[in-house]
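Asker: Next up is a structure, given as structure tokens.
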């Protein structure tokens with residue numbers, strides 16, 4: 078009897094192994110179709126001068142959208158939005174015609190001394206402001222307890238307070254809380270206390286401006302939500318001001334930026350005081366209506382029990398267009414992610430034609446508006462074509478075609494976010510790399526203390542904030558970032574192909590495993 082059972086088990090194992098061999102062969106073959114030559118052929122087109130840098134809402138961006146649609150038609154992948162490849166969304170473009178601050182008769186200029194994002198207001202003025210420390214209202218630390226700011230302009234620091242050892246007074250560790258990064262939390266807290274506006278003193282203003290100057294000097298762009306939703310989106314008028322302006326304001330209460338930061342750090346609490354000063358913040362803005370498109374292609378899952386669950390592979394196909402007469406082709410940012418997503422789609426389609434289509438459905442999502450503030454992915458997450466509750470993962474590819482100064486060769490990729498919500502996803506990513514691609518997985522920018530905050534700066538974030546596991550594939554910033562030199566001839570196509578194969582193997586594993594990815598991590602990054 079024992080011998081019979083052993084023979085039966087061996088027979089079952091051999092049958093299962095025989096069944097697995099063709100699938101493994103197809104998986105391997107499909108991955109190898111992601112080839113450097115194909116990536117180059119596509120990138121030479123969409124990153125060419127004729128596409129004029131693919132500025133959001135421009136002719137070049139529409140040309141790129143058309144190219145993507147024709148490609149998906151050619152390889153036989155159906156449209157992903159109820160019979161259409163397009164998910165069109167409305168935009169408003171804002172030109173700042175006049176922006177200045179007059180403080181006690183002295184005029185301060187936009188960008189040099191202050192800035193704001195997407196202002197929906199034109200005037201903020203008063204003869205008195207209230208200094209409120211860091212503007213935080215938390216159970217662990219509060220600047221606003223029992224405070225009435227009705228009709229007043231609040232003045233606060235950016236970030237959150239820390240003691241002399243760098244430990245947050247909120248989290249109790251060296252890891253900062255959401256208050257340090259999420260300005261909406263402060264806006265909502267101050268608005269709840271009745272404030273009509275807020276000046277945020279940014280002690281590191283000069284360094285910050287170097288990073289964001291490009292966006293501030295260009296016309297702003299935002300989603301043009303329907304009226305009812307737009308009313309929900311209105312936030313407290315918010316102006317970021319320089320350390321210089323902060324010192325001028327705090328001098329009115331016989332203090333300074335350094336003194337107040339040190340005092341709060343030492344005492345562990347803020348102290349509200351009135352700042353008697355005449356201030357007038359004027360924003361004269363011209364608004365233009367535009368529209369753009371996300372492009373969606375969809376392979377339906379082969380398993381009737383799993384096909385309603387969706388794996389998303391995303392990349393943004395817009396860039397920054399023509400700046401000062403020069404075309405910024407964005408071959409790496411994010412032409413590299415765009416064409417890799419195209420090749421991933423073809424690989425999965427080849428597998429489906431060979432009888433091994435993914436068990437779960439896969440959405441190939443090309444978003445636009447990323448360069449303007451992740452607008453296309455925000456629109457998709459607010460108006461999803463496929464329910465977010467049924468979306469199991471987003472694998473997002475943004476800038477994988479170059480190497481940065483931290484690496485001597487291209488045999489690496491930064492992995493960001495893989496462990497923030499799902500330990501299973503992180504393990505799958507690691508195992509797929511070990512088994513199939515064997516490149517260096519660099520987690521430098523996955524660190525919660527990363528000052529670059531890349532986790533927040535690409536389209537995966539609009540999935541992560543809805544508790545959907547993500548991986549952001551990235552190769553770092555180089556000297557041509559957002560410059561005319563980001564051209565196709567500088568791209569490392571062999572590197573791109575290997576990273577694309579890693580994404581493919583990870584997506585294959587998630588799409589075909591029996592169980593759905595578990596969301597088993599409460600992430601400090603999640604703010605919504």
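Residue numbers (our numbering): 78 to 605.
Where a beta carbon is used, it is the ideal one built from N, C-alpha and C, also for glycine.
Treat the numbers as computed from the prediction; the structure is a model and nothing was measured.
(1) Check whether the segment 524-542 and the segment 581-588 are in contact - that is, three or more C-beta pairs closer than 8 Å.
(2) Does the Cβ of residue 152 have 16 or more other Cβ atoms within 10 Å, making it buried, or fewer, making it exposed?
(3) If I follow the unbroken alpha helix (DSSP H) through residue 164, where does it start and stop?
(4) Taking DSSP's pairing of strands, which residues face residue 393 in a bridge?
(5) Given this structure, state the Cα-to-Cα distance separating residue 194 from residue 556, to the nearest angstrom.
(6) Which runs of the beta strand (DSSP E) spanning at least 3 residues fall entirely within the segment 414-472, listed in chain order?
(7) Using the beta-carbon count (16 or more within 10 Å), is residue 474 buried or exposed?
(8) Smallest Cα separation from residue 514: which of 349, 543, 166 and 577?
(9) Drop a sphere of 10 angstroms on the beta-carbon of residue 564, count the other beta-carbons inside from all chains shown, and report buried for 16 or more, exposed for fewer.
(10) Quick check: the Cα distance between residue 238 and residue 190, rounded to an integer number of angstroms?
(11) For residue 535, is the classification buried or exposed, using 16 other Cβ atoms within 10 angstroms of its Cβ as the cut-off for buried?
(12) Can the beta-carbon of residue 463 be found closer than 8 Å to that of residue 492?
(13) Given a cut-off of 8 Å on the beta-carbon distance, is the pair residue 220 and residue 212 in contact?
(14) Identify every residue that forms a DSSP beta bridge with residue 156.
(15) Using the three-state DSSP reduction, which class does residue 295 fall into: helix, strand or coil?
(16) Cutting at 7 Å between CB atoms, please list the residues of its own chain near residue 574, excluding the five before and the five after it.
(17) Here's a check: name, in chain order, each residue in its chain whose Cβ is nearer than 6 Å to the Cβ of residue 208, leaving out the five neighbours to either side.
(18) Closest by CA to residue 400, which one among 130, 567 and 105?
(19) Can you tell which of 396, 428, 407 and 390 has the C-alpha that lies nearest to the C-alpha of residue 418?
(20) Within the same chain, show all residues whose beta-carbon is closer than 6 Å to that of residue 184, passing over the 5 residues directly before and after it, in chain order.
(21) Take residue 109 as the anchor and find which of 261, 422, 366 and 343 has the nearest alpha-carbon.
(22) Should residue 494 be labelled buried (16 or more other beta-carbon atoms within 10 Å of its own) or exposed?
(23) Would you call the segment 450-469 in contact with the segment 314-321, where contact means no fewer than 3 C-beta pairs closer than 8 Å?
(24) Does the Cβ of residue 398 lie closer than 7 Å to at least one heavy atom of the ligand ATP?
(25) Residue 303: buried (16+ other C-beta within 10 angstroms of its C-beta) or exposed?
(26) Out of curiosity, what's the CA-to-CA distance linking residue 375 and residue 387?
(27) State the CB to CB distance for the pair residue 301 and residue 461, rounded to an integer number of angstroms; the pair is presumed to be in contact (CB under 8 Å).
(28) For the alpha helix (DSSP H) holding residue 279, just list the boundary residues, first then last.
(29) At 4 residues or longer, what runs of the alpha helix (DSSP H) sit wholly inside the segment 467-517?
(30) If you run the structure through DSSP and keep just helix, strand and coil, what is residue 231?
(31) Could you check how far apart the C-beta atoms of residue 619 and residue 458 are, in whole angstroms? I think they sit under 8 Å.
(32) Among 436, 240, 449 and 549, whose alpha-carbon lies nearest the alpha-carbon of residue 490?
Answerer: Well, looking at it:
(1) no
(2) As a first step, residue 152 must be located in the chain shown, where it is residue number 75. Per the 10 Å Cβ criterion, exposed.
(3) For the purposes of this step, residue 164 is taken as residue 87 along the chain shown, with counting starting at 1. First-last for residue 164: 163-180, but that is the beta strand (DSSP E), not the alpha helix (DSSP H).
(4) To locate residue 393, count along the chain shown from 1; it is residue 316. According to DSSP, residue 393 bridges with 444.
(5) For the purposes of this step, residue 194 is identified with residue 117 of the chain shown, where counting begins at 1. For the purposes of this step, residue 556 is identified with residue 479 of the chain shown, where counting begins at 1. Distance between the alpha carbons of residue 194 and residue 556 is about 26 Å.
(6) 438-444, all fully within the segment 414-472.
(7) Numbered from its first residue, the chain shown carries residue 474 at position 397. With 16 or more other Cβ atoms within 10 Å, it is buried.
(8) As a first step, residue 514 must be located in the chain shown, where it is residue number 437. When each option's Cα is compared against that of residue 514, the closest is 577.
(9) The residue labelled residue 564 in the question sits at position 487 within the chain shown. Classification for residue 564: buried.
(10) Locating residue 238 in the chain shown gives position 161, counting from the first residue. Locating residue 190 in the chain shown gives position 113, counting from the first residue. The alpha-carbon atoms of residue 238 and residue 190 are separated by roughly 23 Å.
(11) Counting from one through the chain shown, the residue named residue 535 turns up at place 458. Classification of residue 535: buried, given that the 10 Å Cβ count is 16 or more.
(12) Against the chain shown, residue 463 aligns to sequence position 386. Against the chain shown, residue 492 aligns to sequence position 415. Going by C-beta atoms, residue 463 is not nearer than 8 Å to residue 492.
(13) Position 143 of the chain shown, counted from the start, is the residue given in the question as residue 220. Position 135 of the chain shown, counted from the start, is the residue given in the question as residue 212. Their beta carbons are under 8 Å apart, which means residue 220 touches residue 212 by this criterion.
(14) Counting from 1 along the chain shown, the entry for residue 156 is found at position 79. Beta-bridge pairing links residue 156 to 374.
(15) Counting from 1 along the chain shown, the entry for residue 295 is found at position 218. Coil.
(16) Counting from 1 along the chain shown, the entry for residue 574 is found at position 497. The answer, listed in chain order, is 111, 112, 113 and 116.
(17) Position 131 of the chain shown, counted from the first residue, corresponds to residue 208. Here residue 208 has 232, 350 and 352 as same chain residues with Cβ atoms under 6 Å from its own Cβ, once five neighbours each way along the sequence are excluded.
(18) Looking up residue 400 in the chain shown gives position 323. Answer by Cα proximity: 130.
(19) Position 341 of the chain shown holds residue 418. Of the listed residues, the one whose Cα sits closest to residue 418 is 390.
(20) Numbered from its first residue, the chain shown carries residue 184 at position 107. Closer than 6 Å at Cβ, skipping near neighbours: 177.
(21) Here the question's residue 109 lines up with position 32 in the chain shown. With distances taken between Cα atoms, residue 109 lies closest to 422.
(22) As a first step, residue 494 is located in the chain shown; it is residue number 417 there, counting from the start. Its Cβ being crowded by 16 or more others within 10 Å, residue 494 is buried.
(23) No, because fewer than three Cβ pairs between the segment 450-469 and the segment 314-321 fall closer than 8 Å, the two stretches do not touch.
(24) Absence of the ligand ATP is noted for the structure shown, with no ligands found whatsoever.
(25) Taking the chain shown and counting its residues from 1, the one referred to as residue 303 is at position 226. That one is exposed.
(26) Looking up residue 375 in the chain shown gives position 298. Looking up residue 387 in the chain shown gives position 310. Their backbone Cα atoms lie some 9 Å apart in a straight line.
(27) Counting from 1 along the chain shown, the entry for residue 301 is found at position 224. Counting from 1 along the chain shown, the entry for residue 461 is found at position 384. 19 Å between Cβ atoms; not a contact.
(28) Residue 279 sits at position 202 when you count from the first residue of the chain shown. Premise fails: residue 279 is in no alpha helix (DSSP H) and is neither H nor E.
(29) 500-509
(30) Position 154 of the chain shown, counted from the first residue, corresponds to residue 231. In the structure shown, residue 231 sits in a strand (DSSP, three-state: E or B).
(31) The chain is shown from 78 up to 605; residue 619 falls before or after that span and cannot be answered.
(32) Locating residue 490 in the chain shown gives position 413, where the first residue counts as 1. When each option's Cα is compared against that of residue 490, the closest is 549.
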